[in-house]
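In the numbering used here, the protein residues as written are 149 to 442.
Virtual Cβ for every residue (Gly too), placed ideally from N, Cα, C.
Bear in mind the structure is a predicted one, so any value in this text is a computation, not a measurement.
Here the structure comes first, spelled out in structure tokens, and everything after it is commentary.
This is how it looks when you write it as structure tokens:
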């Protein structure tokens, strides 16, 4: 009788979990609505470029095709000089016009070597209506205006959270029932030298051993270099502000010196140069980002 009851209970729990998962998939469509429209991004950047050129007295130069260089990353090439302080307002108004709501970073890169001359985060402009380095001269060479949209997901409805809780409870009940009837299978423990490794690009970071490994090449790291690289590796392709980096890496010293970030980033760049799939990119006046190409 008990066995029959247990079997029926498990079947009922399975049906309930299945129904909840179906409802979760319906809610997940809300996230899909946040996908960027390439056409809208194209038009917004083209409008921005046109406005910058016109404000500089140029109404005839051709605007090259907008390029998508990676997931969520677009850029437009401007051969003629423009005023950097006019960029944030023009870009934001263009994105608003085409109803593009995702947060973003902006980088102004030199065409010849892709080095960032200027850049900012959307929140800088929205909060203060100004950005770092506004008013500084921008050389008159060719530049790319690059916009990188940050990942964003729609907030799930209230019922989606309840569904998740129900799945957790029901799964726990089912798991407990199965556990009582089956022998537990122990997974082999990780080897001591594999417990504290982080993989990124074509490299690995041995945190406890303070080593950067690329193929057969091993490079020794200092304690602070290891701590800083671990922070970047655990936040790939995310812009980390300088103040945040200082707090996370140097807070234990008591005295926070902004120059320390630049010095240690420079050291890591040299050691990461052997791995062409990754790189630490500076966003002027904001912070740094570890680009992994994913």
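Self-check item: Distance between residue 283 and residue 256 (C-alpha atoms, nearest Å)
Solution: 14 Å
Quiz item: Using DSSP with H/G/I as helix, E/B as strand and the rest coil, what is residue 335?
Solution: In this prediction, residue 335 scores a pLDDT of 38, lower than 50, which makes its location untrustworthy; the coordinate-derived value is nonetheless stated afterwards. It is coil, neither helix nor strand.
Quiz prompt | Cβ shell of residue 427 (< 8 Å), same chain only, five flanking positions each side left out | solution = 417, 420, 438, 439
Quiz item: In the DSSP assignment, what are the bridge partners of residue 445?
Solution: This structure gives no information on residue 445, because the portion of the chain shown stretches from 149 to 442.
Quiz item: Can you pull the DSSP bridge partners for residue 216?
Solution: According to DSSP, residue 216 bridges with 222.
Quiz item: How should residue 251 be labelled, buried or exposed, when 16 other C-beta atoms within 10 angstroms of its C-beta is the threshold for buried?
Solution: exposed
Exercise. Could you tell me if residue 216 is buried or exposed, where buried requires 16 or more neighbouring beta carbons within 10 angstroms of its beta carbon?
Key: exposed
Practice problem: Report the rounded CA-to-CA distance for residue 342 versus residue 258, giving the unit in angstroms. | Solution: Per-residue confidence for residue 342 stands at a pLDDT of 49, beneath the threshold of 50, marking its modelled position as unreliable; the derived number appears in the next sentence. One C-alpha to the other measures close to 41 Å.
Practice problem: Give the single residue among 415, 245, 409 whose Cα lies nearest to the Cα of residue 434. | Solution: 409
Quiz item: Are residue 223 and residue 288 touching if we call contact CB-CB under 8 Å?
Solution: no
Self-check item: Segment contact flag, the region 202 to 222 with the region 261 to 279, C-beta cutoff 8 Å, min 3 pairs
Solution: Flag = no, the region 202 to 222 and the region 261 to 279 do not touch.
Quiz prompt | First through last residue of the beta strand (DSSP E) which encompasses residue 423 | solution = Element bounds for residue 423: n/a, residue is neither H nor E.
Quiz item: Where residue 263 and residue 227 are concerned, what is the direct C-alpha to C-alpha distance, given to the nearest angstrom?
Solution: 16 Å
Quiz prompt | Identity of the residue in 281, 266, 270 nearest residue 291 by Cα | solution = 266
Quiz item: Which residues in the same chain as residue 415 place their Cβ atom closer than 8 Å to its Cβ, once the five residues preceding and following it in sequence are excluded?
Solution: 373
Quiz item: Cα separation between residue 285 and residue 345?
Solution: 44 Å
Practice problem: Could you pull out every residue in the same chain whose Cβ sits closer than 8 Å to the Cβ of residue 260, ignoring the five residues on either side in sequence? | Solution: Non-local C-beta neighbours of residue 260 in its own chain, meaning closer than 8 Å and more than five positions away in sequence, comprise 289, 290, ordered along the chain.
Self-check item: Own chain residues within Cβ distance below 8 Å of residue 431, not counting five before or after
Solution: 253, 255, 264, 267, 268, 269, 387, 437
Exercise. Compare the beta carbon distance of residue 376 and residue 412 with 8 Å and say whether it is the shorter of the two.
Key: yes
Quiz item: When the distance is taken between beta carbons, is residue 371 closer than 8 Å to residue 359?
Solution: No; because the gap between Cβ atoms is not below 8 Å, this pair is not in contact.
Quiz item: Can you pull the DSSP bridge partners for residue 399?
Solution: For residue 399, which the question treats as bridged, DSSP gives no partner whatsoever.
Quiz item: Helix, strand or coil for residue 211 per DSSP?
Solution: Coil, per DSSP.
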